[in-house]
Structures are given as structure tokens and as C-alpha cells.
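Engineer: Dumping the structure here so I can ask a few things about it.
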Amino acid sequence: MPIVKVKKGIDSLQTGQVVELVTTDKGSVNDVQAWAKRAGHEILAIDEQEGEYRFRIRKG
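Under UniProt numbering, the residues of the sequence shown are numbered 1 to 60, in order.
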């Protein structure tokens with residue numbers, strides 16, 4: 001459910017602000033990228049460390 005989490009977080013932000021999503025769901029790498037592109041947001045970073053994925057996303 002990473003998309004649901006990040007959508008809730010990003011909905012409360014102003015355009016240009018950044019949200020960070022942390023998940024252990026490997027499938028989220030493709031899912032979050034596709035969602036961000038469709039929604040008009042910019043992925044600033046995707047980092048993976050020891051099975052934990054961190055996304056920094058700027059609201060578009």
C-alpha cells in the first residue's frame with residue numbers, strides 16, 4: 001500500500017514541497033514511479049539499503 005500512503009502525504013502539501021516514502025515493498029519501485037508520472041509529480045531520489053526503499057517526491 002505504498003501508493004496510498006504517499007498519496008495521503010502528498011495531498012496535504014503545497015506544490016513544490018517534498019515528501020519522503022519509506023517502504024520494504026520491492027514492487028513499489030515501479031509502482032511509485034508510474035504513479036508519480038501519471039500524477040505530475042517529480043521523483044527526486046530512490047535509494048535502496050538493506051531491503052528498505054526511500055523515495056523523495058516533489059509535488060507537481
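Yeah, the Cβ is synthetic: ideal placement off N, Cα and C, and Gly gets one too. Remember, it's a predicted structure, so these values are computed and weren't measured experimentally.
Taking C-beta to C-beta, are residue 20 and residue 57 nearer than 9 Å?
Structural biologist: Taking 9 Å as the Cβ cut-off, residue 20 and residue 57 qualify as a contacting pair.
Engineer: Rounded to whole angstroms, what is the Cα-Cα separation between residue 55 and residue 15?
Structural biologist: Roughly 17 Å between the two C-alpha positions.
Engineer: Would you identify the three-state DSSP class for residue 11, choosing helix, strand or coil?
Structural biologist: If DSSP states are grouped into helix, strand and coil, residue 11 belongs with the helices.
Engineer: Let me check understanding here. Comparing Cα to Cα, which of 23, 8 and 52 lies closest to residue 59?
Structural biologist: Of 23, 8 and 52, the residue nearest in Cα terms is 8.
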